[in-house]
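Single-structure report; data block below.
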Amino acid sequence: MIRLQLYANEFFGMVGFLSVQVELLLPLDVMSRSIYDQVLVEYWQKASLIGKLPAWKGYNCRKRYVHKMPLSIARILHQEMQHVALTIYAQAFLATLDQYLTNETPNVYATRQ
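Going by our numbering, the sequence shown runs without a break in its numbering and finishes at 306.
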C-alpha cells in the first residue's frame, strides 16, 4: 500500500476519472476488457470511493490528507490517465501521483533491516 498526500480536489479528480472509466467498461463483457481495465473496475467496486466523498467534501481544501491505495492501482492509474483528456482536478491528481511514483517508489520496494 502507498500513502498519497492529496488535496480534496485531487481526490475528486481521481474519483471522477475512475467513475467515467468504469461507466464505460461495465457494459463490456469481462473477457473484452484489458487486464488493467478489469483491475480498475474491481478497485472501484471494492474501495468504496463514492462512500468516502462526503468525508472528503468536509476536509479543508488547503490541506493534504492521506489516501491509501495499492501500488499496482497507482501504477495502472498513472499509465491509463496519460492517454485521455483529464479535468483540471484529475490532472492535479496525476501530477501528485507522478511525483510520488518518481520519488517514493524505490522506498516502497526497499527491504526492512
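Cβ atoms here follow ideal geometry from the backbone N, Cα and C, with glycine treated the same way. Small disclaimer: the values here were computed from a predicted structure and weren't measured.
Met-224 sits exposed, since fewer than 16 C-beta atoms from the chains shown fall within 10 Å of its C-beta. Put simply, the backbone Cα of His-276 is about 15 Å away from that of Leu-290. A direct Cα-to-Cα measurement between Arg-268 and Ala-288 gives close to 13 Å.
Between Tyr-293 and Leu-197 the beta-carbon gap is near 6 Å, inside 8 Å, which marks them as a contact.
Per DSSP, the unbroken alpha helix (DSSP H) holding Met-274 starts and ends at 264-274.
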